[in-house]
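Below is one structure, written out as structure tokens; the observations come after it.
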Amino acid sequence: MTDANGFQRFQGTEGYIASKPLIDAVNCAVALERPLLVKGEPGTGKTTLAQHVAAGLGMPIEYWHIKSTSKANEGLYVYDTIQRLNDARFGEGDVKDIRHYIKYGPLGRVFAASERQVLLIDEVDKADIEFPNDLLRELDEMRFSVMETGDEIVAKERPVVIITSNNEKELPDAFLRRCVFHFIDFPEPDLMKEIVDVHHKNLDATLLDQVLIKFYWLRSQRELRKKPSTSELIDWIAVLLRSGISKKQVEEHLPFVGTLLKNEQDTEALSQFEESDTTLPSSWSELGPRYQQ
Ligand SMILES: Nc1ncnc2c1ncn2[C@@H]1O[C@H](COP(=O)(O)OP(=O)(O)OP(=O)(O)O)[C@@H](O)[C@H]1O
Ligand SMILES: [Mg+2]
0 MTDANGFQRF QGTEGYIASK PLIDAVNCAV ALERPLLVKG EPGTGKTTLA QHVAAGLGMP
60 IEYWHIKSTS KANEGLYVYD TIQRLNDARF GEGDVKDIRH YIKYGPLGRV FAASERQVLL
120 IDEVDKADIE FPNDLLRELD EMRFSVMETG DEIVAKERPV VIITSNNEKE LPDAFLRRCV
180 FHFIDFPEPD LMKEIVDVHH KNLDATLLDQ VLIKFYWLRS QRELRKKPST SELIDWIAVL
240 LRSGISKKQV EEHLPFVGTL LKNEQDTEAL SQFEESDTTL PSSWSELGPR YQQ
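In numbering that gives the first Met the number 0, the protein residues as written are 0 to 292.
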């Protein structure tokens with residue numbers, strides 16, 4: 000496909016392996032100037048995506064990490080009345096000019112910026128349900144008014160907004176309508192090999208195979224309460240390399256399991272399995288038809 004219209008602005012970066020559907024979703028959001036809502040299991044690269052979209056598009060990035068107490072207004076601006084009171088008490092600053100005490104939040108800053116920027120609104124589902132509703136107008140119109148001064152801040156360049164969610168709460172339909180949506184599927188082994196290569200260059204291919212066989216086997220255990228993710232796999236490989244463990248040892252058992260499993264029921268189930276006579280799989284064919292190589 001040629002790109003005479005300049006649609007394919009984002010093409011991925013060396014440090015982030017993006018599937019074709021993910022690249023398309025980013026480019027749709029950039030072209031439509033609408034937020035991109037990204038969902039997916041924890042550790043599948045949602046937050047990192049925003050950093051790499053900014054790098055790939057050559058734009059600066061602003062971060063807005065959402066907490067349970069976050070309010071939409073804080074993203075726009077806060078009026079620092081305490082500072083103003085203090086300045087008035089100690090005779091400092093220009094207390095007559097309220098504008099000195101209007102502090103823009105991440106959304107306010109990207110609107111006010113003279114160049115187009117990327118804004119990451121990370122983990123939007125952490126806040127209460129009103130949060131996304133309260134941002135609808137600002138994200139649509141990319142403008143807001145500062146009540147205290149009457150100033151209107153209008154985005155000179157509509158930012159590229161990337162919103163992540165871990166699905167802790169449903170997002171309102173009116174909010175979803177305004178976004179481009181992408182779900183990051185858990186990477187299949189071939190894509191995972193590329194992702195691992197970004198973090199651990201030129202890993203021995205047979206060691207990587209053994210590592211991935213064990214990893215996907217672990218993930219396929221139904222009784223597992225918390226499946227290990229991409230980020231845990233990367234950590235696990237880092238530990239395996241640091242410890243200098245041999246391929247043979249990884250073939251036979253799962254060392255340093257604390258980097259992969261994060262609760263006691265899961266580690267207990269695994270040690271019971273290892274104590275029984277059953278051997279761990281050491282070839283893709285043992286993982287069933289889905290993983291035939
Ligand atoms: N496609 C990918 N390419 C390169 N690295 C990746 C990819 N996916 C995940 N990673 C790596 O995995 C780690 C976790 O990624 P990240 O923090 O972005 O996940 P997340 O989806 O935001 O997780 P959470 O939901 O827990 O916040 C990072 O070190 C990141 O570099
Ligand atoms: Mg994240």
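Beta carbons: idealized from backbone N, C-alpha and C, even for Gly. Keep in mind it's a predicted model, so treat the numbers as computed, not measured.
- Contact fails between the region 164-173 and the region 199-214, because fewer than three Cβ pairs, one in each stretch, are under 8 angstroms apart.
- Take the alpha-carbon of Val77 and the one of Arg157: they are about 21 angstroms apart.
- Ranked by Cα distance from Ile212, the first of Ser242, Val197, Lys192 and His199 is Lys192.
- Taken atom to atom, the span from the alpha-carbon of Ile194 to that of Gln10 is near 16 angstroms.
- Contact between Trp63 and Leu35 does not hold, since their C-beta atoms are separated by about 14 angstroms, which reaches or exceeds 8 angstroms.
- Proximity to Thr266 across Glu122, Arg108 and Gln220 peaks at Gln220, based on C-alpha coordinates.
- Runs of alpha helix (DSSP H) with 4 or more residues, each lying fully within the region 169-195, are found at 172-176, listed in chain order.
- With a cut-off of 6 angstroms, the C-beta of Lys45 is classified as near ligand 2, since at least one heavy atom of the ligand falls inside that distance.
- Shown here for Asp133: same chain residues with a beta carbon closer than 6 angstroms to its own, the five before and five after excluded, namely Ala71 in chain order.
- Here DSSP, grouped into helix, strand and coil, assigns Thr278 to coil.
- Of all alpha-carbon atoms in Lys102, Leu84 and Tyr103, the one lying nearest the alpha-carbon of Val94 is that of Leu84.
- For Ser245, there is no enclosing beta strand (DSSP E), as DSSP marks it with neither H nor E.
- For Val77, the enclosing beta strand (DSSP E) stretches over residues Tyr76 to Tyr78.
- If you check the CB distance, Leu119 and Ile161 come in under 7 angstroms.
- Residue Gly39 holds the alpha-carbon nearest to the alpha-carbon of Phe185 among Leu31, Thr12 and Gly39.
- Under the 10 Å beta carbon count, Ile81 is surrounded by fewer than 16 other beta carbons and is classified as exposed.
- Between Ser228 and Pro41, the C-beta spacing is below 7 angstroms.
- By the Cβ-count criterion, Asn201 is exposed, with fewer than 16 other Cβ atoms from all chains shown falling within 10 Å of its own Cβ.
- In the DSSP assignment, Ile60 is bridged to Val117.
- No heavy atom of ligand 1 is found nearer than 6 angstroms to the CB of Pro188.
- Ranked by how close their Cα comes to the Cα of Glu273, the residues Asn262, Glu91, Ala24 and Pro254 have Pro254 in first place.
- For a cut-off of 8 angstroms, the C-beta gap from Asp139 to Arg177 is around 6 angstroms, short enough to register as a contact.
- Here the distance from the Cβ of Thr12 to the nearest heavy atom of ligand 1 is not below 6 angstroms.
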